[in-house]
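In what follows, a single structure is set out as structure tokens and then discussed.
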Amino acid sequence: DVKVTQSSRYLVKRTGEKVFLECVQDMDHENMFWYRQDPGLGLRLIYFSYDVKMKEKGDIPEGYSVSREKKERFSLILESASTNQTSMYLCASSLIRSGTDGYTFGSGTRLTVV
Amino acid sequence: AQSVTQPDIHITVSEGASLELRCNYSYGATPYLFWYVQSPGQGLQLLLKYFSGDTLVQGIKGFEAEFKRSQSSFNLRKPSVHWSDAAEYFCAVGARAGGTSYGKLTFGQGTILTVHP
Chain C
1410 DVKVTQSSRY
1420 LVKRTGEKVF
1430 LECVQDMDHE
1440 NMFWYRQDPG
1450 LGLRLIYFSY
1460 DVKMKEKGDI
1470 PEGYSVSREK
1480 KERFSLILES
1490 ASTNQTSMYL
1500 CASSLIRSGT
1510 DGYTFGSGTR
1520 LTVV
Chain L
26 AQSVTQPDIH
36 ITVSEGASLE
46 LRCNYSYGAT
56 PYLFWYVQSP
66 GQGLQLLLKY
76 FSGDTLVQGI
86 KGFEAEFKRS
96 QSSFNLRKPS
106 VHWSDAAEYF
116 CAVGARAGGT
126 SYGKLTFGQG
136 TILTVHP
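As given, the protein sequences belong to chains C and L, one line each in that order. Here my numbering is used: the first residue of the first sequence is 1410, the next is one more, and so on. Here my numbering is used: the first residue of the second sequence is 26, the next is one more, and so on.
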């Protein structure tokens, strides 16, 4: 089974800090995604990537950036964390670009910015 | 742009009762449609998906969903709910190749299912 591993389950950071959320998948998937999940809002796409060193903005990219230096790793960066970025962050990967194989999700990182 | 609406934020059913979770989508053509489930503290797991063909699709854990083009709906059903089905359920829509949103899944707001014994 494909496994998507997010390095931290819980994180607490201070306002203004630079925050790195790491995601690694072990099945050679081309496509990787970062979503944030908030109650009543569902999942919203932040950034995604179809290939190494490639990235595309999702629906809510402001305040975030990403890095994909290796195929298996997709990092989400909060350049200067703010309290409105307190959320659950979910990483996902898929083999097929259309997503028709179904995304495989990590267990999530719950980030609190104080 | 594609969008998904799940009208019910929270549904409560008794164990053994039937279940229907509603999903309405907005998309210019026939989309790809998905249902995912999220158990507490977990990531999302794919329940079922629709691409084309038979409009009634079967998934894991005894779930099924029916695509109705005329109603832009993709409702999830289960004939008899088990306590272990308590979770949050997400409907998602994906665009076909050539669409501006190709390769991105758009998720609904989620429906929390509570099961009473």
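Think of the CB as a built atom: it goes at the ideal place given N, C-alpha and C, for glycine as much as any other residue. A quick note: this is a predicted structure, and the numbers were derived from the prediction, not measured.
For a quick check, are the C-beta atoms of residue i and residue j less than 7 Å apart?
i         : j         : result
Val140/L  : Ala111/L  : yes
Val1413/C : Gln1434/C : yes
Gln96/L   : Gln31/L   : no
Leu1499/C : Phe1514/C : yes
Trp60/L   : Leu72/L   : yes
Leu1454/C : Asp1468/C : yes
Leu1430/C : Thr1518/C : yes
Lys74/L   : Gly87/L   : no
Glu89/L   : Thr80/L   : no
Gln67/L   : Ser1516/C : yes
Leu1420/C : Leu1520/C : yes
Going along chain L in order, which residues have a C-beta closer than 7 Å to the C-beta of residue i?
i         : result
Ser1502/C : Near Ser1502/C there are no residues of chain L at all, since even the closest Cβ is about 11 Å away, more than 7 Å.
Any beta-carbon of chain L closer than 7 Å to the one on residue i?
i         : result
Ser1516/C : yes
Ser1506/C : It is Arg, not Ser, that sits at residue 1506/C in the sequence shown. Closer than 7 Å to some Cβ of chain L, the Cβ of Arg1506/C qualifies, so yes.
Leu1454/C : yes
Taking only beta-carbon positions, decide if residue i is within less than 7 Å of chain C.
i        : result
Gly133/L : yes
Tyr57/L  : yes
Using the beta-carbon of each residue, which ones in chain C are nearer than 8 Å to residue i?
i        : result
Ile34/L  : Gly1449
Gly128/L : Asn1440, Phe1457, Tyr1459, Arg1506, Ser1507 and Gly1508
Phe115/L : Gly1451 and Leu1452
Name the chain L residues that come within less than 8 Å of residue i, Cβ to Cβ?
i         : result
Thr1509/C : Tyr57, Lys74, Phe76 and Gly119
Leu1499/C : Gly68 and Leu69
Gly1467/C : Lys129
Tyr1473/C : Those do not exist, as Tyr1473/C stays about 16 Å from chain L at its closest Cβ, beyond 8 Å.
Skipping 5 residues on each side, what residues in its chain have a beta carbon closer than 8 Å to that of residue i?
i         : result
Asn1440/C : Phe1457, Ser1458, Tyr1459, Ser1502, Ser1503, Leu1504, Ile1505, Arg1506 and Gly1508
Tyr50/L   : Gln27, Ser28, Val29, Thr30, Pro56, Leu58, Ser97, Ser98, Phe99, Cys116 and Val118
Arg1423/C : Ala1490, Val1522 and Val1523
Glu1488/C : Lys1427, Gly1472, Tyr1473 and Ser1474
Pro142/L  : Ser39, Glu40 and Trp108
Name the chain C residues whose beta carbon is nearer than 7 Å to that of residue i?
i        : result
Ala122/L : Ser1507
Using a Cβ-Cβ cut-off of 7 Å (strictly less than) and excluding sequence neighbours within five positions of residue i, which residues of its own chain qualify?
i        : result
Thr131/L : Gln27, Ser28, Val29, Ala117 and Val118
If you drop the 5 nearest sequence neighbours on each side, which residues of the same chain put their C-beta closer than 6 Å to that of residue i?
i        : result
Glu113/L : Gln63, Gly135 and Ile137
Gly41/L  : Ser105
Tyr127/L : Ala120
His35/L  : Ile137
Gly84/L  : Leu72 and Leu73
Could you work out which residues of chain L lie near residue i, taking near to mean beta carbons separated by less than 9 Å?
i         : result
Tyr1419/C : Within 9 Å Cβ-Cβ: nothing; Tyr1419/C doesn't reach chain L, min ~11 Å.
I want to see whether chain A comes within less than 7 Å of residue i, judged by CB atoms only; does it?
i         : result
Ser1458/C : This model lacks chain A altogether, as its protein chains are C and L.
For this session: Could you tell me which uninterrupted beta strand (DSSP E) segments, each at least 3 residues in length, are contained entirely in the segment 49-105 of chain L, listed from first to last along the chain?
Result: 49-51, 57-63, 69-75, 81-83, 89-93 and 98-103
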